[in-house]
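Chemist: According to the working numbering, the stretch in the sequence shown is residues 13 to 135, in order.
Ideal placement from N, C-alpha and C gives every residue a C-beta, glycine not left out.
My structure is below; once you've seen it, I'll send some questions.
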Amino acid sequence: MSRLALTVATAVAAIVLAAAIWFVLTEPGRQKAKANAAGASQIVAEGQAAAGRDAVAITSANASSEAEIAKQTQENRDAILNAPGAGVQLDPGLDTAARRAICMRHAARRDPQCVALLDARPR
Numbered sequence: 013m014s015r016l017a018l019t020v021a022t023a024v025a026a027i028v029l030a031a032a033i034w035f036v037l038t039e040p041g042r043q044k045a046k047a048n049a050a051g052a053s054q055i056v057a058e059g060q061a062a063a064g065r066d067a068v069a070i071t072s073a074n075a076s077s078e079a080e081i082a083k084q085t086q087e088n089r090d091a092i093l094n095a096p097g098a099g100v101q102l103d104p105g106l107d108t109a110a111r112r113a114i115c116m117r118h119a120a121r122r123d124p125q126c127v128a129l130l131d132a133r134p135r
């Protein structure tokens, strides 16, 4: 075998040996990176599940709160309309101002009478 062939074979063997050593030495780091990625994915999945549960609870609580507000608004409206003197004619300006004040409340804004009243006011 010629000297050139021996030199090339030695260089190739050295490169293969260096690659094997590099692979062996860096394997724990690659395994750790894989484990970290898997752990991060698990943490993200748990966080997303918790956020979903929280969103459902918040939405449910909000719906319940809005239902209570609507119920209270209706009870108040009924009490006002059935109170003694409810049929007495008020000054039109006072009546409009009072109705607008009631309609500005979030719970009353969707009421058809409030929608009509608030849309009719001058801008």
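For Thr30 and Ala69, what's the separation of their Cα atoms in angstroms?
Modeler: Counted from its first residue, the sequence shown places residue 30 at position 18. Counted from its first residue, the sequence shown places residue 69 at position 57. With the sequence shown as reference, residue 30 is identified as Ala, and Thr is not the correct amino acid for it. Distance between the alpha carbons of Ala30 and Ala69: 58 Å.
Chemist: Given the structure, does Ser14 come close to the ligand HEM, in the sense that its CB is under 7 Å from one of the ligand's heavy atoms?
Modeler: Ligands displayed in this structure: none; no statement on the ligand HEM is therefore possible.
Chemist: Thinking C-alpha only, which one of Ser53, Ala61, Gly51 and Asp123 is nearest Arg89?
Modeler: For the purposes of this step, residue 89 is taken as the residue at position 77 of the sequence shown. Taking only the C-alpha atoms, the option nearest Arg89 is Asp123.
Chemist: Under 7 Å Cβ to Cβ from Ala82, same chain only, skipping five residues before and after it: list those, please.
Modeler: Walking along the sequence shown from the start, residue 82 turns up at place 70. Closer than 7 Å at Cβ, skipping near neighbours: Ala119.
Chemist: In the DSSP assignment, find the alpha helix (DSSP H) that holds Ala98 and state where it starts and stops.
Modeler: Here residue 98 is taken as the residue at index 86 of the sequence shown, counted from 1. That residue, Ala98, is in no alpha helix (DSSP H); it is neither H nor E in DSSP.
Chemist: Tell me which residue opens and which closes the alpha helix (DSSP H) that Ala109 is part of.
Modeler: On the sequence shown, residue 109 is found 97 positions in, with the first residue counted as 1. That run of the alpha helix (DSSP H) goes Pro104 to Cys115.
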